[in-house]
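Shown next, in C-alpha cells, is the structure this report addresses.
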Amino acid sequence: MTAWSNAYAERWVGTARRECLDRILIVNSRQLQRVLAEFVDHYNRHRPHRALLQQPPEAPLKALPEDTNTVQRHPVLGGLINEYRLVA
Numbered sequence: 001m002t003a004w005s006n007a008y009a010e011r012w013v014g015t016a017r018r019e020c021l022d023r024i025l026i027v028n029s030r031q032l033q034r035v036l037a038e039f040v041d042h043y044n045r046h047r048p049h050r051a052l053l054q055q056p057p058e059a060p061l062k063a064l065p066e067d068t069n070t071v072q073r074h075p076v077l078g079g080l081i082n083e084y085r086l087v088a
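Counting along the sequence shown from 1, when you hit position 68 you're at 68 in the working numbering, and nothing is skipped either side.
Right, here's the structure in full:
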C-alpha cells in the first residue's frame, strides 16, 4: 500500500486536523469522539466545498427568501468554527 492509495481519506484527515484537532486540546477518547462527530456534521452539512461550487455535500435544497437581509451566526465546537445562515 502506497501513500497515494487512499487520497480522499488522507485529504479528509488533513482537513480535520488543520481545521479542528490542531486547535483543541483533546484529553480523552470520549471528548475526541464528540468533537469529531460535531466536526463531521459541520463538514458535511455546512462547510463549503470548492468542487461542489461552494455548497456542502449534504446541503438541503431550499429556496432562499427574496428579502433576506439578516445573517445569523451559529458557533460550532465552542466557537472554534462559525456557521452562518440567512434568516427571513
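Glycine included, C-beta positions come from ideal geometry on N, C-alpha and C. Given the structure is predicted, the values throughout are model-derived calculations rather than measurements.
Starting from residue i, follow the beta strand (DSSP E) in both directions and report where the run begins and ends.
{"i": "LEU86", "result": "81 to 87"}
Per DSSP, what kind of secondary structure is residue i in: helix, strand or coil?
{"i": "VAL76", "result": "strand"}
Excluding the five sequence neighbours on either side, which residues of its own chain have a C-beta within less than 6 Å of the C-beta of residue i, listed in chain order?
{"i": "LEU36", "result": "none"}
Along the alpha helix (DSSP H) that carries residue i, what are the first and last residues, could you check?
{"i": "VAL58", "result": "The sequence given here places Glu at residue 58; Val does not occur at that position. Taken as a continuous stretch (DSSP letters only), GLU58 belongs to no alpha helix (DSSP H), as it is neither H nor E."}
{"i": "ARG34", "result": "29 to 45"}
{"i": "ARG23", "result": "Looking at the DSSP string, ARG23 is not in any alpha helix (DSSP H), and its letter there is neither H nor E."}
Between residue i and the rest of its own chain, which residues show a CB-CB distance below 8 Å, the 5 nearest in sequence each way excluded?
{"i": "ASN44", "result": "PRO56, PRO57, GLU58"}
{"i": "VAL71", "result": "TYR84, ARG85, LEU86, VAL87"}
{"i": "GLU38", "result": "VAL76, LEU77"}
Contact defined as beta carbons within less than 8 Å: I believe residue i pairs with residue j. What is the distance between those atoms, to the nearest angstrom?
{"i": "ILE24", "j": "LEU80", "result": "7 Å"}
At a threshold of 7 Å, does residue i count as lining the ligand MG (C-beta to nearest heavy atom)?
{"i": "CYS20", "result": "Because no ligand of any kind appears in the structure shown, any question about the ligand MG cannot be addressed here."}
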